[in-house]
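K.L.:
So the sequences go chain by chain: A and B.
Heads up, the first sequence stops at 173 in our numbering, and the numbers go up one at a time, no gaps.
Heads up, the second sequence stops at 173 in our numbering, and the numbers go up one at a time, no gaps.
C-beta atoms are modelled at their ideal positions from N, C-alpha and C, and glycine is treated no differently.
Protein chains: 2
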Amino acid sequence: MPTHFTGSRAEMRTLDTFIKLTRCTNALLSRLAERNTIGDLTYSQFAVLEALYHLGPMTAGEVSQKVLKSGSNMTLVIDNLERDGLVRRERDAQDRRVIRVHLTEAGSHKLEDVLPGHIAALVEELSVLSASEQETLGALCKKLGMRTIQDRSKTK
Amino acid sequence: MPTHFTGSRAEMRTLDTFIKLTRCTNALLSRLAERNTIGDLTYSQFAVLEALYHLGPMTAGEVSQKVLKSGSNMTLVIDNLERDGLVRRERDAQDRRVIRVHLTEAGSHKLEDVLPGHIAALVEELSVLSASEQETLGALCKKLGMRTIQDRSKTK
DNA sequence: GTCAAATAGTTCGATGTCGAAATATTACCC
DNA sequence: GGGTAATATTTCGACATCGAACTATTTGAC
């Protein structure tokens, strides 16, 4: 996009890398969306169901941490999942501030219905990269994603 | 998220790569958001202003293609930019279906205010990767992301 | 020339997303 | 034990995002 930007060599390289990274991620996600690999679920709903499926019942706050979204957002996503009968809320008896979110039978079945196809689609989409390319990409993304405030490593 | 998923070696590797890619992108974007590098603009608004700044006035449809968002979405983003006096719509005299979007003076100044800081922040964030690592990451992302375009042009 | 198809943009309804404020409950301190 | 701080969740307002339906305009076929 900033094809007409002019800057230092480092700036140009950084922008180029950033654009490719964000476009790649967007393209991959929209390709998966087009394939309709998760049925009538939204990606957010899928992420919540998957977390509950693999990790078991959790509080609303734990779900929001697992899927890296805000608490207020989780309220809505869980509302919609509950409306559709895929999860249920249960108030904790000991600490009545806490809501524990459970998968229903329908929720389990729904996830089991779509998960294999979703993974197959992912494998297919990423098959343009060889195994070692995937590992390299993963390692670089991890390095870039892990960066924290105190990471003052001035590598060039 | 699917930390407890068990599958074939290829499936595990694919999922691992996918998770790292999406988390890396999310982390990078939210770190930039935290830094407040684009002032009171939203990222969508920034993208539209940047496209207009570097490429000149465009129709609403062209803007939506440049920033890879839907037309209906562009209507809202441009509405808000127009409300804030950063762009203006001009109806084409020849073809009255067409709306051309122009940066205003205020819009240009706004972008010039935030762009250098935004680029500096990007350069700093990506500095955890060496120049050659950035190029490798860019190349892998391009390879993975390009597939969508090829597929679309084939199908369409 | 007229009417149907194509095109550009907007409107609408649903969902997602955030941060700030509100609510409810529990924990803590003296 | 009563008041305040901390914690968990929801509510609210704003913006983003999509696809489908709609409006206005132009183009094309006959």
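1. From Arg114(A) to Tyr60(B), what does the alpha carbon distance come to, in whole angstroms?
2. Give the DSSP bridge partners of Arg100(B), in chain order.
3. Locate the alpha helix (DSSP H) running through Val84(A), then write down its first and last residues.
4. With a cut-off of 8 Å on the beta carbons, I'd call Thr153(B) and Leu157(A) a contact; round off their distance for me.
5. Go ahead and pull the three-state DSSP assignment for Arg114(B).
6. Bridge partners for Thr76(B) per DSSP, in chain order?
7. CB Leu139(A) to CB Leu161(B), shorter than 9 Å?
8. Let me know if Ala64(B) comes out buried or exposed under the rule of 16 or more other beta-carbons within 10 Å of its beta-carbon.
9. Measuring alpha carbon to alpha carbon, tell me which residue in Ser81(B), Gly102(B), Asp101(B) is nearest Thr92(B).
10. For Ala50(B), count the other beta carbons within 10 Å of its own beta carbon; 16 or more makes it buried, fewer makes it exposed. Which is it?
11. According to a CB-to-CB cut-off of less than 9 Å, which residues of the segment 149-165 of chain B neighbour chain A?
12. Ignore the nearest five residues each way along the sequence and tell me which others in Gly56(A)'s own chain have a CB closer than 8 Å to its CB.
13. Given a limit of 8 Å on CB to CB distance, which residues of the segment 26-37 of chain B reach chain A?
14. Buried or exposed: where does Glu107(B) fall if 16 or more other Cβ atoms within 10 Å of its Cβ makes it buried?
15. Please report how far the alpha carbon of Arg52(B) lies from the alpha carbon of Leu143(B), in whole angstroms.
16. For the ligand PLP, any of its heavy atoms closer than 8 Å to the Cβ of Gly56(B)?
P.N.:
Taking the geometry as given:
1. In the first sequence, residue 114(A) corresponds to position 97, counting from 1. In the second sequence, residue 60(B) corresponds to position 43, counting from 1. Cα to Cα, Arg114(A) sits roughly 35 Å from Tyr60(B).
2. Position 83 of the second sequence, counted from the start, is the residue given in the question as residue 100(B). BP columns for Arg100(B) are empty, so no partner.
3. Counted from its first residue, the first sequence places residue 84(A) at position 67. Careful: Val84(A) lies outside any alpha helix (DSSP H) and carries neither H nor E.
4. The residue labelled residue 153(B) in the question sits at position 136 within the second sequence. The residue labelled residue 157(A) in the question sits at position 140 within the first sequence. Right, the Cβ-Cβ distance comes to about 7 Å (below 8 Å), so this counts as a contact.
5. Taking the second sequence and counting its residues from 1, one reaches residue 114(B) at position 97. Arg114(B) falls in the coil class under three-state DSSP.
6. Position 59 of the second sequence, counting from 1, holds the residue named residue 76(B). DSSP lists Arg117(B) as partners of Thr76(B).
7. Locating residue 139(A) in the first sequence gives position 122, where the first residue counts as 1. Locating residue 161(B) in the second sequence gives position 144, where the first residue counts as 1. Contact: no.
8. Sequence index remark: in the second sequence, residue 64(B) carries index 47 (1-based). It counts as buried.
9. Your numbering for residue 92(B) matches position 75 in the second sequence. The candidate whose alpha carbon is nearest that of Thr92(B) is Ser81(B).
10. Taking the first residue of the second sequence as 1, we reach residue 50(B) at position 33. So Ala50(B) counts as exposed.
11. Glu150, Gln151, Glu152, Thr153, Leu154, Gly155, Ala156, Leu157, Cys158, Lys159, Lys160, Leu161, Gly162, Met163, Arg164, Thr165
12. Translated into the one-based positions of the first sequence, residue 56(A) becomes position 39. Excluding positions up to five away in sequence, the list reads Lys127, Asp130, Val131.
13. Ala27, Glu28, Arg30, Thr31, Leu32, Asp33, Thr34, Phe35, Lys37
14. On the second sequence, position 90 is the one that residue 107(B) refers to. That one is exposed.
15. Along the second sequence, one-based indexing puts residue 52(B) at 35. Along the second sequence, one-based indexing puts residue 143(B) at 126. Approximately 14 Å between the Cα atoms of the pair.
16. Looking for the ligand PLP in the displayed structure turns up nothing, as the structure carries no ligands at all.
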